């Protein structure tokens, strides 16, 4: 039944006989069309990339070898890449519009930047390991010191054990100083705020660009000259802390900003205080990000040479006391070895650099293991611990009501029963409880089916 307005147009018989232009759902015949493959690169795109690369290399070789007086491997690589981009743009424009061509050119640039960065990293690591391979293949290199070895002695004598221990002591003291101070400062910047917080954030941002030699000079003038009157591992740790602190503050500040405000509001709604919310909600939620901030600060401080050169001193033997006497570290040991003209000392220097890279990688893995998974991602042990805690809470509630915990009555009580066994049995238990749960016969808003 239709209601027509007085001014509605009159519908002709021919218009009524025409098919309606309204959208209609087609009938399902059971035929399924060919599925599009979104993972495989089309042959035309692969041909354009490979053909452009080959043509760019050939054109650059022709320019460098026959037509122009240009020479040098670096120039040849640059000209080859530019020729590749030009030919790739031309081939792509034959079958695509301007927007698609620009998108493919930018994709090629981004991929090239990633390959260049990865190649530089691999080259540095391989070059360091290859040059230091004669030294790191000897076990004495990691367990002996240079106290009884000289520049002319073979690689079977002497080692960098004292430098490894010195690095661990110095970076340990620096982390003990910077982690509480840096994370506390980041919490202050996010949770308190105010004019003073803006001032602190500006200072920390400015300190990220502080030259390392300036930090070393500051600690040397304020601590070594006025207080200790000698170079020591503690003074080197203070200099390293000056370099690590702004990195940890800045990275932690960014991580804490990513914590949703809904979590804080939910905690406040439960009646908790601000500091309890920070300790129990904000910090656990951003734990993995805070670990990343600590890793960035550690990577900045563990490789510093100029502050350590001014504050720690050079020694060839053991020194386990960071408050008395010089204590050498791996970066300073590398600098001391490489400046020698003897090939064995240079090999020891590259071996110490390879050891430093391995030490940084080990610290990174340990930090990742400590940081654990992201918020809300529980391991099997944590899920079993949560189920056990829920069961204890249920027993305590039932005991306060004078009821026996062995006979569950409600659905919540049945769910709170602790699962026995490992996660597969836990899954079977949850499926069995779901099967026991009553299902409504009539469709509801929660269960429309």
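In my numbering, the protein residues as written are 35 to 483.
All residues carry an ideal CB built from backbone N, CA and C; glycine is no exception.
Because the structure is a prediction, the values reported are computed rather than measured.
Are residue i and residue j touching if we call contact CB-CB under 8 Å?
i	j	result
residue 273	residue 249	yes
residue 339	residue 254	no
residue 290	residue 221	yes
residue 331	residue 201	no
residue 153	residue 122	no
residue 342	residue 374	no
residue 347	residue 360	yes
residue 324	residue 286	yes
residue 283	residue 401	no
residue 246	residue 278	no
residue 388	residue 163	yes
residue 384	residue 165	yes
residue 251	residue 378	no
residue 367	residue 194	yes
residue 326	residue 293	no
residue 175	residue 169	yes
Please classify residue i: is it buried, with 16 or more other beta-carbons within 10 angstroms of its beta-carbon, or exposed?
i	result
residue 296	exposed
residue 382	buried
residue 204	buried
residue 427	exposed
residue 180	buried
residue 88	exposed
residue 109	exposed
residue 105	exposed
residue 267	buried
residue 336	buried
residue 370	buried
residue 96	exposed
Start and end of the alpha helix (DSSP H) containing residue i?
i	result
residue 137	132-170
residue 229	229-241
residue 110	107-127
residue 199	195-221
residue 90	77-96
residue 224	Looking at the DSSP string, residue 224 is not in any alpha helix (DSSP H), and its letter there is neither H nor E.
residue 421	414-434
residue 250	246-253
residue 177	174-177
In chain order, what are the residue ranges of uninterrupted alpha helix (DSSP H) at least 4 long that sit wholly in the region 262-327?
267-291, 295-303 and 308-311
My parser needs the beta strand (DSSP E) runs of 3 or more residues fully inside the region 344-394; what are they?
none
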